[in-house]
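Student:
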Amino acid sequence: MNDASPAAPASAPQAAAAPKRRSLAHRLLYGANVDRNVKARARVGLAILAFCMIYGAISARLIFFGMHADGQVARRAASGDAIGTARPDILDRNGLVLATDVRTPSLFGEPHRIVDVDEAVELLTAVLPDLDPRETRERLSSKRRFVWLRRDITPEQRREIHRLGLPGLGFLPENRRMYPNGSEVSHTVGHVNIDNQGIAGLERWLDQRGLADLHLAGFAVDRLQKPVELSVDLRVQHALRDELLVSRDKFKAKAAAGLVVDVNTGEVVSMVSVPDYDSNNPKEANDPTRINRLTTGVFEMGSTFKALTLAMGLDSGRMTLNSSFDARMPLRYGRFAIHDYHAQRRVLTLPEIFTYSSNIGTARIALALGVEHHKAFLKKMGQLDRLRTELPESAEPLVPKRWGELNTVTIAFGHGLSVAPLQAVAAINALVNGGKLIPPTFLRRTEEEASKLAKQVIKPETSEKMRYLMRLNAEKGSARKADIAGYYVGGKTGTSEKVVNGRYSKTKLLNSFTAVFPSDKPRFLVLIMLDEPQAVEGTHGYATSGWNAAPTAGAVITRIAPLLGVQPRFDLPPADRQILASAGLTR
Amino acid sequence: MTFLRILNLLVIAVLVSAAAYVYKIKFDSTLEAERLAKLQLEIRRERDATAALRAEWSRLDNPTRIQALAGRHLALKAPDARQLVGLDNLPPRPPSLVPPGSDDPIGSIIEYIEEQEVPTGSIGASLRRP
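Same order as they appear, the protein sequences are chains S and F. Quick note on our numbering: the first sequence kicks off at 1 and runs consecutively. Quick note on our numbering: the second sequence kicks off at 588 and runs consecutively.
1. Using the beta-carbon count (16 or more within 10 Å), is Cys-52 of chain S buried or exposed?
2. Quick one: what does DSSP say Gly-80 of chain S is sitting in, helix, strand or coil?
3. Is the number of C-beta pairs between the region 255-274 of chain S and the region 164-180 of chain S that are closer than 8 angstroms three or more?
4. What does Ala-638 of chain F reach in chain S if we use C-beta pairs closer than 7 angstroms?
5. Would Leu-663 of chain F count as contacting chain S if we go by Cβ distances under 8 angstroms?
6. Arg-641 of chain F touches chain S at which residues, Cβ-Cβ below 8 angstroms?
7. Considering only the alpha carbon of each residue, which of S:Pro-522, S:Glu-537, S:Asn-548, S:Ser-303 lies closest to Asn-264 of chain S?
8. Which runs of the alpha helix (DSSP H) spanning at least 4 residues fall entirely within the region 325-407 of chain S, listed in chain order?
9. Note down, in chain order, every chain S residue with its Cβ under 7 angstroms from the Cβ of Arg-646 of chain F.
10. So that I know if they touch, is there some Cβ in chain F lying closer than 8 angstroms to that of Glu-184 of chain S?
11. Could you list which residues in chain S have their beta carbon closer than 7 angstroms to that of Gly-673 of chain F, in chain order?
12. When we look at the beta-carbon of Gly-80 of chain S and count the other beta-carbons within 10 Å, is it buried (16 or more) or exposed?
13. Is there contact here, the region 566-578 of chain S with the region 487-499 of chain S, by at least three beta-carbon pairs under 8 angstroms?
14. Expressed to the nearest angstrom, what Euclidean distance is found between the alpha-carbon atoms of Met-329 of chain S and Gly-541 of chain S?
15. Identify, in the order they occur along the chain, each residue of the same chain with its Cβ nearer than 8 angstroms to the Cβ of Leu-131 of chain S, setting aside the five sequence neighbours on each side.
16. If you follow the alpha helix (DSSP H) that Gly-688 of chain F is in, where does it begin and where does it stop?
17. Excluding sequence positions up to five away, which residues of its chain have a Cβ less than 7 angstroms from the Cβ of Ile-579 of chain S?
18. List, in chain order, every chain F residue whose beta-carbon is nearer than 7 angstroms to that of Thr-125 of chain S.
19. Fully enclosed by the region 456-513 of chain S, which alpha helix (DSSP H) runs are 4 residues long or longer?
20. Can the beta-carbon of Ala-515 of chain S be found less than 8 angstroms from the beta-carbon of Ala-553 of chain S?
21. Might you give, ordered along the chain, the residues of its own chain that have their beta carbon closer than 7 angstroms to the beta carbon of Val-685 of chain F, omitting 5 neighbours on each side?
22. In terms of DSSP beta bridges, what is Asp-648 of chain F paired with?
23. Using a Cβ-Cβ cut-off of 7 angstroms (strictly less than) and excluding sequence neighbours within five positions of Ala-363 of chain S, which residues of its own chain qualify?
24. For Lys-492 of chain S, does the count of other Cβ atoms within 10 angstroms reach 16, so buried, or fall short, so exposed?
25. Give a yes or no on whether the minimum CB-CB distance between Asp-635 of chain F and chain S is below 8 angstroms.
26. Looking at C-beta atoms only, is the number of pairs between the region 378-385 of chain S and the region 419-437 of chain S that lie closer than 8 angstroms three or more?
27. Could you tell me which residues DSSP puts in a beta bridge with Asp-101 of chain S?
28. Is it buried or exposed for Arg-433 of chain S, if we count other Cβ within 10 angstroms and need 16 for buried?
29. Taking only beta carbons into account, state which residues of the region 476-498 of chain S come closer than 9 angstroms to chain F, listed in chain order.
30. In the DSSP output, what is Thr-441 of chain S paired with across the bridge?
31. Just how far apart, CA to CA, sit Val-399 of chain S and Gly-565 of chain S?
32. With burial defined as no fewer than 16 other Cβ atoms inside 10 Å of the residue's Cβ, what is the status of Gln-627 of chain F: buried or exposed?
33. Output the distance between the C-alpha atoms of Leu-206 of chain S and Gly-198 of chain S, rounded to the nearest integer angstrom.
34. When you check each C-beta in the region 546-565 of chain S against every C-beta of chain F, which residues fall closer than 8 angstroms?
35. What runs of the alpha helix (DSSP H), each 4 residues or longer, lie entirely inside the region 294-318 of chain S?
36. What does Asp-242 of chain S touch in chain F if you count any residue whose Cβ is under 9 angstroms from its own?
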């Protein structure tokens, strides 16, 4: 400030009496013995200088704004962030995208700022032809401060609307869930509602794991969330679905379902239930025929359950592969008689009971061990409790309230106890993987993690024998049509009669086929289910599982084995040498 | 007193320059913050664009679509298990039929074939045997 007074030297002598400490400017401006003219000039000069500085600063700032005009855009954009929740991507086991977020603009209006509603509606319908003019007019004439006009428009439409130059219209970017594979993995992945909240499948599981809370707190807006990796393999999923669709058409079945499970980790590699729905069009999911039959439905699994009964017999230590049971006459129980479908009318050994799928034989095995033993075994195998996976949809098995001997007889061959197919698969898994019951999962899991979760339910030797029986069935029994060269497939057919009006129907069947490959050292298990398949040309009038579900499983294995990295091997010896002898067991 | 006056002047000068310096720092930091916000916006835009492209790619790469296209335009068939061969099942590399520097290559090939059996193909050993 000192240099602000040009008159300073002139006034210096007069200010000699004033205290030396007072500043020059102060003396100039307020000193009592300073000439009024000099004082006024100094004050004006000071004011001029102050104003010059202020205006200089303002114009410097203006010039700066002019040069860096776009510096402000960033701030404005950061505040108008997306409002739909961002969800983590869902990937398959190879990193292919199953579900992802796409950010799309949504159009909104602020009715109080609209000048001419009719003009706005007219121009808008020109750009968005499918916009309902009446509804739009109503919305824009309302008293509300904010109305959505159209969610999810394309960037081109956004540009065109922007170019209309209408006041009171704006855009907000929103996250929209997209499922590039449509219906291929819909039952596993599930879907979201319009506000991007998961309402089915793994999408719902994600929300239940805290994503919903994160969303409410306003944190889940960016896509910086870790993607979720599933155990599902999209290529296997496609192959399975494709083959199931072919079979469903060929055998005129009402529905078809299939599962591929990694035997050693419990990972579900593929799960298909057709008819299915498109995740991008969640309305279809409400159709009851499109439910996921593998987890949401419960079924009497038929002869597939015989594998469990035989494993129970072998594991009890009271029977060996050479034990035999009388199957000469139908088994009479009260007013019921149990018949064999492929009746042999002779004494059958355990392997024969399995390959001929003898109802009488399996019933006698279960009876020999008693009701309580049977019940305890099925409990141990997880068949009597609801199976929980990541999928929110699950069904409780239908267990008879009073479990008598007759129930044991029928449940031994798979009637009278309804379970979810995924549940039955988990149990059969344990029969062939060395006796470890592993809860199935839809997420990635290593073998070590699986063995921590696993529960030893049967002895490893019993598992060895079950592998032998499964393979034997493909060599000599009902699973011959699934014996694909090179993969050493083993399997068990299951044909159960559906209950219609309280009676077992002879014509409405639910067929299933459980295959393991390679049987000597199982890696994968395949379940195929066909709902009400018909006898068609080439099946010689049969509609049983060996004629439709088994060849379907064969076709599926041919396609998926190379994808899953299973090396084909040829010229392997038959089951008794390859499996039994190498494990040090004998018949 | 001259000393005090000089000190005063000095302090004022330091004060003014400090203020100017602080102002500059603040101004620079504002600039940097704006640049940061702009870059973040750009990153987000790029990421959104990548996500959109990835979604589009997965839609185009969908197995059902590829299978339909392959069925329509290609004469390929599904592979048979016998066409898959591991490295250890490959036949040994055939010896060079034409010795280097030979002036009659065709003649030496014929000679070689007459001498011994040439291993071919990848079919298992048991299939080749009658």
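Just so you know, even glycine gets a beta-carbon here, dropped at the ideal spot from N, CA and C.
Tutor: Well, looking at it:
1. Along the first sequence, read from residue 1 onward, the residue named residue 52 of chain S stands at position 52. By the neighbour-count rule (16 or more Cβ atoms within 10 Å), Cys-52 of chain S is not buried but exposed.
2. Taking the first residue of the first sequence as position 1, residue 80 of chain S is located at position 80. Per-residue confidence for Gly-80 of chain S stands at a pLDDT of 41, beneath the threshold of 50, marking its modelled position as unreliable; no derived number is given.
3. Taking one beta carbon from each stretch, the region 255-274 of chain S and the region 164-180 of chain S have fewer than 3 pairs nearer than 8 angstroms; the two do not touch.
4. Indexing the second sequence from 1 puts residue 638 of chain F at position 51. For Ala-638 of chain F, the C-beta contacts it makes with chain S under 7 angstroms involve Thr-100, Asp-101, Val-102, Arg-223, in order along the chain.
5. As a position in the second sequence, residue 663 of chain F is number 76, starting the count at 1. False, the Cβ-Cβ gap to chain S never drops below 8 angstroms.
6. Along the second sequence, one-based indexing puts residue 641 of chain F at 54. Residues of chain S with a Cβ closer than 8 angstroms to the Cβ of Arg-641 of chain F are, in chain order, Val-97, Thr-100.
7. Your numbering for residue 264 of chain S matches position 264 in the first sequence. Ranking S:Pro-522, S:Glu-537, S:Asn-548, S:Ser-303 by Cα distance to Asn-264 of chain S puts S:Pro-522 first.
8. If we require 4 residues or more, the alpha helix (DSSP H) runs fully inside the region 325-407 of chain S come out as 350-355, 359-369, 371-380.
9. Along the second sequence, read from residue 1 onward, the residue named residue 646 of chain F stands at position 59. Ordered by position in chain S, the residues that pass the 7 angstroms Cβ test against Arg-646 of chain F are Pro-180.
10. If you number the first sequence from 1, residue 184 of chain S lands on position 184. Chain F, which has a Cβ nearer than 8 angstroms to the Cβ of Glu-184 of chain S, makes this yes.
11. Numbered from 1 along the second sequence, position 86 holds the residue referred to as residue 673 of chain F. Residues of chain S whose Cβ lies closer than 7 angstroms to the Cβ of Gly-673 of chain F are, in chain order, Gln-567.
12. On the first sequence, position 80 is the one that residue 80 of chain S refers to. Note on Gly-80 of chain S: pLDDT 41, under 50, position unreliable in the model; no value is reported.
13. The region 566-578 of chain S, when compared against the region 487-499 of chain S, does touch it at the 8 angstroms Cβ threshold.
14. Residue 329 of chain S sits at position 329 when you count from the first residue of the first sequence. Residue 541 of chain S sits at position 541 when you count from the first residue of the first sequence. Rounded to the nearest whole angstrom, the CA to CA distance from Met-329 of chain S to Gly-541 of chain S is 26 angstroms.
15. If you number the first sequence from 1, residue 131 of chain S lands on position 131. Leu-124, Thr-125, Leu-149, Arg-150.
16. Here residue 688 of chain F corresponds to residue number 101 of the second sequence, with the count starting at 1. Here Gly-688 of chain F belongs to no alpha helix (DSSP H), and DSSP marks it neither H nor E.
17. Locating residue 579 of chain S in the first sequence gives position 579, counting from the first residue. So the list reads Glu-464, Arg-467, Tyr-468, Arg-471, Ser-519, Asp-520, once near-sequence residues are dropped.
18. Sequence index remark: in the first sequence, residue 125 of chain S carries index 125 (1-based). Going along chain F, no residue has its Cβ under 7 angstroms from Thr-125 of chain S, so there is no contact; the nearest lies around 27 angstroms.
19. Complete alpha helix (DSSP H) runs here, min 4: 460-475.
20. Start at 1 with the first residue of the first sequence, and residue 515 of chain S comes out as number 515. Start at 1 with the first residue of the first sequence, and residue 553 of chain S comes out as number 553. Closer than 8 angstroms, so yes.
21. Position 98 of the second sequence, counting from 1, holds the residue named residue 685 of chain F. Hits under 7 angstroms: Pro-692, Ser-695, Ile-696.
22. Within the second sequence, numbered from 1, the residue matching residue 648 of chain F stands at position 61. Its beta-bridge partners do not exist; DSSP assigns none.
23. Stepping through the first sequence from its first residue, residue 363 of chain S is reached at position 363. Scanning its chain for C-beta atoms nearer than 7 angstroms, with the 5 sequence neighbours on each side dropped, one finds around Ala-363 of chain S the residues Leu-331, Ile-338, Val-409, Ala-412, Phe-413, in chain order.
24. Numbered from 1 along the first sequence, position 492 holds the residue referred to as residue 492 of chain S. Per the 10 Å Cβ criterion, buried.
25. The residue given as residue 635 of chain F occupies position 48 in the second sequence. Closer than 8 angstroms: yes.
26. Taking 8 angstroms as the limit for Cβ pairs, the verdict is that the region 419-437 of chain S does touch the region 378-385 of chain S.
27. Along the first sequence, read from residue 1 onward, the residue named residue 101 of chain S stands at position 101. In the DSSP output, where bridge partners are listed per residue, Asp-101 of chain S has S:Arg-177.
28. Taking the first sequence and counting its residues from 1, the one referred to as residue 433 of chain S is at position 433. Residue 433 of chain S is actually Asn in this sequence, not Arg. Under a 10 Å Cβ-count criterion, Asn-433 of chain S is classified as buried, with 16 or more other Cβ atoms of the shown protein chains found around its own Cβ.
29. Close to chain F, meaning a Cβ-Cβ distance shorter than 9 angstroms, are the following residues of the region 476-498 of chain S: Ile-484, Ala-485, Gly-486, Tyr-487.
30. Within the first sequence, the letter at position 441 stands for residue 441 of chain S. Note: Thr-441 of chain S sits in a beta bridge opposite S:Glu-267.
31. If you number the first sequence from 1, residue 399 of chain S lands on position 399. If you number the first sequence from 1, residue 565 of chain S lands on position 565. Looking at the two C-alpha atoms, the distance is approximately 39 angstroms.
32. In the second sequence, residue 627 of chain F corresponds to position 40, counting from 1. Exposed, since its Cβ has fewer than 16 Cβ neighbours within 10 Å.
33. Counting from one through the first sequence, the residue named residue 206 of chain S turns up at place 206. Counting from one through the first sequence, the residue named residue 198 of chain S turns up at place 198. One alpha carbon belongs to Leu-206 of chain S, the other to Gly-198 of chain S, and they sit about 7 angstroms apart.
34. For the region 546-565 of chain S, which is checked against every Cβ of chain F, the residues closer than 8 angstroms are Thr-558, Arg-559, Ala-561, Pro-562.
35. Fully contained in the region 294-318 of chain S are the following alpha helix (DSSP H) runs of length 4 or more, in chain order: 304-315.
36. Position 242 of the first sequence holds residue 242 of chain S. Here the neighbours are Pro-650, Thr-651, Gln-654.
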